[in-house]
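**Student:** One structure follows; several queries about it will come next.
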Amino acid sequence: MGEQPIFTCKAHVFHIDPKTKRSWMSASSAAVSVSFFYDSSRNLYRIISVEGTKAVINSTITANMTFTKTSQKFGQWSDVRANTVYGLGFASEAELGKVGFSKIRLETYNSLQLGLSYEV
Numbered sequence: 000m001g002e003q004p005i006f007t008c009k010a011h012v013f014h015i016d017p018k019t020k021r022s023w024m025s026a027s028s029a030a031v032s033v034s035f036f037y038d039s040s041r042n043l044y045r046i047i048s049v050e051g052t053k054a055v056i057n058s059t060i061t062a063n064m065t066f067t068k069t070s071q072k073f074g075q076w077s078d079v080r081a082n083t084v085y086g087l088g089f090a091s092e093a094e095l096g097k098v099g100f101s102k103i104r105l106e107t108y109n110s111l112q113l114g115l116s117y118e119v
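In terms of numbering that gives the first Met the number 0, the sequence shown is numbered consecutively and its last residue is 119.
Below you can see the structure in the form of structure tokens.
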């Protein structure tokens, strides 16, 4: 059946500067749609965001990823496969609170514990 959207929010997207590993670089010029997808045939979750024709986020969620709320309106996670640290800036704390990253990560972990695997 392929990937199905399960959640979408609006946020400013950032990537950590690959040179300094300390400062954030804006990956979007404004708040953009950030969508969480589930692929039932491969049993995996992805976060995708596109601005114009450019993918600003293409991140497969793994069981060992952690989404860290670093301020009232900002959260981040590290994607080892993409060699990137992503950041999301929200308009409000309530918007950040709607992101179900922990639940998706737990579901990914549980599916792996059941012996299900996937290739990326």
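Note that the Cβ used here is the ideal one computed from N, Cα and C, for glycine as well.
Would you please state the rounded distance, in angstroms, between the beta carbons of K123 and L43? I believe it to be under 8 Å.
**Tutor:** An answer regarding residue 123 cannot be provided, because it is not within the stretch 0 to 119 covered by the chain.
**Student:** Alpha helix (DSSP H) containing A93: first to last residue?
**Tutor:** Start and end: E92 to G96.
**Student:** Cutting at 6 Å between CB atoms, please list the residues of its own chain near S22, excluding the five before and the five after it.
**Tutor:** Excluding sequence neighbours, S22 sits near D16.
**Student:** Run through the DSSP bridge pairs and tell me what N57 is partnered with.
**Tutor:** The partner list for N57 (beta bridge, DSSP) reads I47.
**Student:** Figure out for me which residue from E2, T83 and L87 has the closest Cα to the Cα of S40.
**Tutor:** Nearest option by C-alpha distance: E2.
**Student:** Distance, Cα to Cα, L113 vs F36?
**Tutor:** For L113, the predicted model reports a pLDDT of 43, less than 50, meaning its position is unreliable; a value from the coordinates is still stated below. If you take the alpha carbons of L113 and F36, they lie about 21 Å apart.
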